[in-house]
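Heads up: the structure comes next, in structure tokens.
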Amino acid sequence: MNTEEKIDEAIRNPKNLGEMTGADAIGTAGSSDCGDMLRMWIKFRNEDGRRVIDKATFQSFGCQTAIAVASMATELIKGKTPSEALAMSNEDLSAPLGALPPMKIHCAQLVEGALKNALTGEAAAPKVLAPTLSDSFQAPKSVKIKFT
Ligand code: FES
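Numbering (this note's numbering), first residue to last: 968 to 1115.
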């Protein structure tokens, strides 16, 4: 299966799609290129004295590639500590889909941005951010990714 087919398949059956109630961390990122936004919710658990990601969900408008990458990424980060997840690049997060075409790399960067925003701003995020992604267009706290 090539990358395009893998993306199509991931979109047909996206994993971990939707808001999470009771999340420990929420992160949002927006692309200044295309205007798309993506939000990620994360819940932690303790495992052998370590704090690891129990589950993650996401919501996104518009871009199908971002949905496919977020679907993969929310599976890949399960069981990782916050610092392990933070160390993952957008290539790592989209690796199961294969190499993305250049014009779609920012879609994976959007997912990476939301993940990093969640993991670095976790204490304040659930109280500060709007409850839904559409509300967040007015929300003050989000990461703007600049693409060059
Ligand atoms: Fe902009 Fe995919 S086209 S996030």
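Yeah, the Cβ is synthetic: ideal placement off N, Cα and C, and Gly gets one too.
### Query
Excluding five sequence neighbours on each side, which residues of the same chain lie with their C-beta closer than 8 Å to the C-beta of ARG1017?
The residue given as residue 1017 occupies position 50 in the sequence shown. Only THR1048 meet the Cβ criterion.
### Message
Within 10 Å of its beta-carbon, does ARG979 have 16 or more other beta-carbons around it, so buried, or fewer, so exposed?
### Response
Taking the first residue of the sequence shown as position 1, residue 979 is located at position 12. Burial call: exposed.
### Continuous beta strand (DSSP E) stretch holding GLY1149: start and end
Outside the displayed range of the chain (968 to 1115) lies residue 1149, so it cannot be described from this structure.
### Task
Can you tell me which of PRO1069, LEU1060, GLY1065 and PRO1068 puts its alpha carbon nearest to the alpha carbon of GLY1080?
By 1-based counting over the sequence shown, the position of residue 1080 is 113. Checking every option, the nearest Cα to that of GLY1080 belongs to LEU1060.
### Query
Looking only at C-alpha atoms, which of ASP1000, ALA990 and ALA1035 sits nearest to LYS982?
Position 15 of the sequence shown, counted from the start, is the residue given in the question as residue 982. It is ALA1035.
### Task
Alpha carbon to alpha carbon, how far is MET1070 from GLY997? Give it in angstroms, no decimals.
In the sequence shown, residue 997 corresponds to position 30, counting from 1. In the sequence shown, residue 1070 corresponds to position 103, counting from 1. Spanning the two alpha carbons is a distance of roughly 16 Å.
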